[in-house]
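The sequence shown: position 18 = 20 (our numbering), numbered continuously.
Here a beta-carbon is modelled for each residue, glycine too, at the ideal position from N, C-alpha and C.
This structure is a prediction, so every number in the text was calculated from the model and none was measured.
Heads up, the thing below is written out as structure tokens.
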Amino acid sequence: MDSLRGQKVLVLQNGFLGDTVLTLPLLTEIKLRFPSAKLVLACSPLGQELLQDHPDIDEIIVDDKKGSDRGLLGLWRKAMTLKRMAFTAVLTPHKSLRSVLMVYLADIPLRLGFR
């Protein structure tokens, strides 16, 4: 994880709002350990509303999996957006086939999460 210094890190938490809130200590710890890393959160539209001014988050990407990002085409578009952003690492703190597929398709080199 020392390689995260100065890198672009994605935390993909597109679950329920409560799951997003439970991710806050993780975001704080990442920023504490790697202050020069750009920390990006991908979350639901409600998560964006709640966390848009959070001091540890450098950018928020909305993953509207029940709206504009719904289905396989929405998953593909979101993965290609993430790929263009050239993240160094991604953390997925919940089990989700959709999330696994998204970060795989986005070709993010370091993927941390569930098997």
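Determine the DSSP secondary structure at residue i, reduced to helix, strand or coil.
i	result
Ile110	coil
Ala39	coil
Gln59	Reading off the sequence shown, one finds Ile at residue 59, where the question assumed Gln. Here Ile59 sits in coil by DSSP.
Thr81	According to the sequence as given, residue 81 is Ala; it is not Thr. Here Ala81 sits in helix by DSSP.
Gln15	strand
Lys10	strand
Gln50	helix
Lys33	helix
For residue i, collect the residues of the same chain with a Cβ closer than 6 Å to its Cβ; drop the 5 residues on either side in sequence, then sort them by chain order.
i	result
Leu43	Val13, Ile59, Ile62
Asp66	Pro47
Rounded to whole angstroms, what's the CA-CA distance from residue i to residue j? Just pull it up for me.
i	j	result
Val92	Ile110	7 Å
Thr30	Cys45	16 Å
Ser38	His96	25 Å
Asp21	Arg113	19 Å
Ser73	Arg79	The question names Ser, but residue 73 is Gly in the sequence shown. Whole-angstrom Cα-Cα distance: 10 Å.
Ala81	Asp55	25 Å
Gln50	Val64	7 Å
Rounded to the nearest angstrom, how far is the Cβ of residue i from that of residue j, given a contact under 8 Å?
i	j	result
Thr90	Val11	6 Å
Leu99	Leu77	Actually they do not touch by this definition, with Cβ atoms about 10 Å apart.
For residue i, write down the residues that DSSP places opposite it in a beta bridge.
i	result
Ala91	Val11, Leu112
Val64	Cys45
What does a CB cutoff of less than 8 Å around residue i pick up in its chain, not counting 5 residues either side in sequence?
i	result
Ile32	Leu6, Val11, Val13, Ala39, Leu41, Asp58, Leu93
Ser101	Leu14, Asn16, Thr94, Gly115
With a threshold of 7 Å on Cβ separation, who are the neighbours of residue i within its own chain once the five nearest residues in sequence on each side are excluded?
i	result
Thr25	Val13, Gln15, Pro95
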